[in-house]
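Student: Here it is, the structure, as structure tokens.
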């Protein structure tokens, strides 16, 4: 999988995990804040808000790389 996003828009890439009985879930997510929680972000004056009617756009691309050539090309471009 290739995940492309603008670091200026989404400066953090977080990995969250959930361990449940008989299950495991992980997620890789580009975000606007580190994984510190809403209360801590508010305390540090880093919590982002949208005003009523305000719109914010983010550029994000997810690509499934299933051919060896595409995988190698991606790896060679991002070393």
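Residue numbers (my numbering): 1220 to 1298. For every residue, glycine included, the Cβ atom is placed at its ideal position computed from N, Cα and C.
1. Measuring only the C-alpha atoms, how far is residue 1253 from residue 1279?
2. Please report how far the alpha carbon of residue 1227 lies from the alpha carbon of residue 1250, in whole angstroms.
3. Does the structure place the stretch 1233-1244 close enough to the stretch 1280-1296 that three or more beta carbon pairs sit under 8 Å?
4. What is the rounded straight-line gap between the Cα of residue 1282 and the Cα of residue 1223?
5. For the candidate residues 1247, 1229, 1221, whose alpha-carbon lies nearest to that of residue 1276?
Tutor: Taking the geometry as given:
1. For the purposes of this step, residue 1253 is taken as residue 34 along the chain shown, with counting starting at 1. For the purposes of this step, residue 1279 is taken as residue 60 along the chain shown, with counting starting at 1. If you take the alpha carbons of residue 1253 and residue 1279, they lie about 18 Å apart.
2. The residue you call residue 1227 lines up with position 8 of the chain shown. The residue you call residue 1250 lines up with position 31 of the chain shown. Roughly 11 Å between the two C-alpha positions.
3. no
4. For the purposes of this step, residue 1282 is identified with residue 63 of the chain shown, where counting begins at 1. For the purposes of this step, residue 1223 is identified with residue 4 of the chain shown, where counting begins at 1. Between residue 1282 and residue 1223, the C-alpha separation is close to 8 Å.
5. In the chain shown, residue 1276 corresponds to position 57, counting from 1. The residue with the shortest Cα to Cα distance from residue 1276 is 1229.
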